[in-house]
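Student: Here it is, the structure in full.
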Amino acid sequence: MPELPEVEVVRLGLEPAVTSATVTAVHVGDERALTRHAFGGAEFERALTGRVLAGAARRGKFLWLPLRRDRADAADEALIAHLAMSGQLLLRHPSAPPERHERVRISIEHPEHGELAVVFADQRTFGSLAIDPLVPTPDGAAGGLGTAEPTVPSQVTHIARDPLDPAFDDRRFRALLAAKSSGIKRVLLDQTVLSGVGNIYADEALWAARIHPETPARSLSTRAVNRLLAEIRAVLLKALAEGGTSFDAQYVNVNGQAGYFAHSLNAYGRTGQPCPRCGRPIVRVEFMNRSSHFCPHCQRVPRSH
DNA sequence: TATTTTACCTGAGGGC
DNA sequence: TGCCCTCAGGTAAAAT
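Residues in the first sequence are numbered consecutively from 514, following this note's numbering.
Here's what the structure looks like:
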């Protein structure tokens, strides 16, 4: 499932191919891929065709390609992509046959690399594309990784900066946690608190920081929060270096290749297997209609009194 | 207001 | 071989 490292791998793959390219044609094969778009498929095709792509930017799990009217203009809108669970952005030869689960195909022409197809494929159709206006960031800092412009798409304004963003505010993060009564894992998945972390990396970071997922966020000491934040950054960077986590064909880079981080998981998906730290079995519990994996020995249940 | 739950969606894989 | 069931989970709307 694409979380921050997986989306960043996709962004890095897209950036050289799309920057300064012109959209020559757009085909929407399935309008369910446009649930974030305000209008229909025909309007999407018309609005995107002829635009110049200014780069590839990311905040948390949101990806966007700023759109210029022509080469001299500043970008005023962006093509947003959210991959959700099974979305993929693939770079293909213009004559490549349709992908399995292909929803949208964007044909581009790059001044140096020639013609390419950007294909959005998505088995479970939770992901989507949209054209969205760019608005200023409240703090005046760059909107995300991969852009120097202090703007974000309007649909991304409520998404917090991610922990790899140079403008991430550690103090704000500590203050938000101190005000939350919910369990820490639930808070880590709240993209308005910090973005980019999903079920896999929440379990991994909590295991590394030796914190039980149900620990009330506000009960964590400053030292514990700092340790957790450091472990979140460490696990995201390590996963990024290994090309992301792939369990099956659900997550691949722009060339259709899987990542290797699944081999480095310590807790997620390892139900019944020994904890790499203490050797006792990892347990799985139900959590928000999904799963939490942790070591009950290393990550003690919080004591209430 | 803050927090929790639900709807959305498809295919892989296991049991029989 | 095929049918039925469970599971995967990010986001935003709805419910509490």
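Backbone N, C-alpha and C fix where the C-beta goes; we use that ideal spot for every residue, glycine too.
The beta strand (DSSP E) that contains Arg618, what's its start and end?
Tutor: Unbroken beta strand (DSSP E) run through Arg618: Glu615 to His623.
Student: Where are the alpha helix (DSSP H) runs, 4 residues long or more, that stay fully inside the region 773-803, in chain order?
Tutor: None, since the region 773-803 contains no complete alpha helix (DSSP H) of that length.
Student: To which residues does DSSP link Leu602 through a beta bridge?
Tutor: Its beta-bridge partners are Phe633.
Student: Compute the Euclidean distance between the alpha carbons of Arg783 and Cys808, then round it to the nearest angstrom.
Tutor: Straight-line Cα distance between these residues: approximately 10 Å.
Student: In the DSSP assignment, what are the bridge partners of His806?
Tutor: Arg797, per the DSSP bridge assignment.
Student: For the region 648-661 against the region 674-691, are there 3 or more C-beta pairs whose distance is under 8 Å?
Tutor: These segments touch.
Student: Please confirm whether Leu596 and Pro515 have their CB atoms less than 7 Å apart.
Tutor: Result yes, Cβ atoms of Leu596 and Pro515 sit closer than 7 Å.
Student: Which of the three DSSP states is assigned to Leu641 in this structure?
Tutor: The question names Leu, yet the displayed sequence has Ser at residue 641. In the structure shown, Ser641 sits in a strand (DSSP, three-state: E or B).
Student: Check each candidate in Pro729, Trp720 and Ala737 and name the one with the smallest Cα separation from Pro794.
Tutor: Cα-wise, what sits closest to Pro794 is Trp720.
Student: Within its chain, find whatever has a CB closer than 8 Å to the CB of Pro729; leave out the 5 residues flanking it on each side and keep chain order.
Tutor: These residues qualify, in order along the chain: Lys693, Ser694, Ser695, Gly696, Ile697 and Pro815.
Student: Hey, Val541 and Gly554 are a contact pair by Cβ (cut 8 Å); roughly how many whole angstroms apart?
Tutor: Indeed, because the Cβ distance is near 4 Å, the residues count as touching under 8 Å.
Student: Which residues in the same chain as Arg813 place their Cβ atom closer than 7 Å to its Cβ, once the five residues preceding and following it in sequence are excluded?
Tutor: Only His725 meet the Cβ criterion.
Student: Out of curiosity, what's the CA-to-CA distance linking Asn712 and Ser804?
Tutor: Using only the alpha carbons, I get a separation of about 8 Å.
Student: What distance in whole Å lies between the Cβ atoms of Pro666 and Trp577, which are believed to be in contact at a cut-off of 8 Å?
Tutor: Between Pro666 and Trp577 the Cβ distance is about 5 Å, and since that is below 8 Å, they are a contact.
Student: Judging by CA-CA distance, which residue of Asp635, Val536 and Gln704 is the nearest neighbour of Arg582?
Tutor: Nearest option by C-alpha distance: Val536.
Student: In or out: Cys791 buried (at least 16 other Cβ within 10 Å) or exposed?
Tutor: By the 10 Å Cβ count, Cys791 comes out exposed.
Student: Where Glu519 and Gly568 are concerned, what is the direct C-alpha to C-alpha distance, given to the nearest angstrom?
Tutor: Rounded to whole angstroms, Glu519 to Gly568 spans 18 Å at the Cα level.
Student: Judging by CA-CA distance, which residue of Glu558, Asp586 and Ser620 is the nearest neighbour of Leu602?
Tutor: The shortest Cα separation from Leu602 among Glu558, Asp586 and Ser620 belongs to Ser620.
Student: Apply the 10 Å Cβ neighbour rule to Pro611 and answer buried if 16 or more other Cβ atoms are within range, or exposed otherwise.
Tutor: The residue is exposed, with fewer than 16 neighbouring Cβ atoms inside 10 Å.
Student: Looking at Tyr773 and Gly756, is the spacing between their C-beta atoms short of 7 Å?
Tutor: Closer than 7 Å, so yes.
Student: Comparing alpha-carbon positions, which option in Ala594, Gly627, Ala534 and Asp761 lies nearest Phe633?
Tutor: Checking every option, the nearest Cα to that of Phe633 belongs to Ala594.
Student: Which residue's Cα is closest to the Cα of Leu592: Leu642, Cys788 and Gly627?
Tutor: Checked all of Leu642, Cys788 and Gly627; the closest Cα to Leu592 is Leu642.
Student: Can you tell me where the alpha helix (DSSP H) holding Thr735 begins and where it ends?
Tutor: Thr735 to Ala754 is the span of the alpha helix (DSSP H), which, as asked, contains Thr735.
Student: Select from Thr664, Tyr714, Gly659 and Arg736 the residue whose C-alpha is nearest the C-alpha of Ala691.
Tutor: Selected option, being the one with the closest Cα: Arg736.
Student: CA-CA distance, Cys788 and Met801?
Tutor: So the alpha carbons of these two residues sit roughly 23 Å apart.
Student: Going by beta-carbon coordinates alone, are Arg637 and Ser599 separated by less than 7 Å?
Tutor: Result yes, Cβ atoms of Arg637 and Ser599 sit closer than 7 Å.
Student: When you compare only the Cα positions, how much space is there between Val765 and Arg797?
Tutor: Cα-Cα distance, rounded: 26 Å.
Student: Kindly give me the distance between the Cβ atoms of Arg572 and Ile644, rounded to whole angstroms, as I take these residues to be in contact under 8 Å.
Tutor: Rounded, the Cβ-Cβ distance is 17 Å, inconsistent with contact.
Student: Who are His725's beta bridge partners in DSSP?
Tutor: Looking at the DSSP assignment, His725 forms no beta bridge with any residue, so it has no partner.
Student: Taking the CB atoms as reference points, tell me whether Leu707 and Pro676 lie closer together than 7 Å.
Tutor: Yes, they are a contact pair.
Student: Which same chain residues end up closer than 6 Å to Ala754 when comparing Cβ atoms and leaving out the 5 residues on each side of it in sequence?
Tutor: Result list for Ala754: empty, nothing under 6 Å.
Student: Have a look at Gly627 and Glu799 and give me their C-alpha separation to the nearest angstrom.
Tutor: Taking the straight line from one Cα to the other gives about 49 Å.
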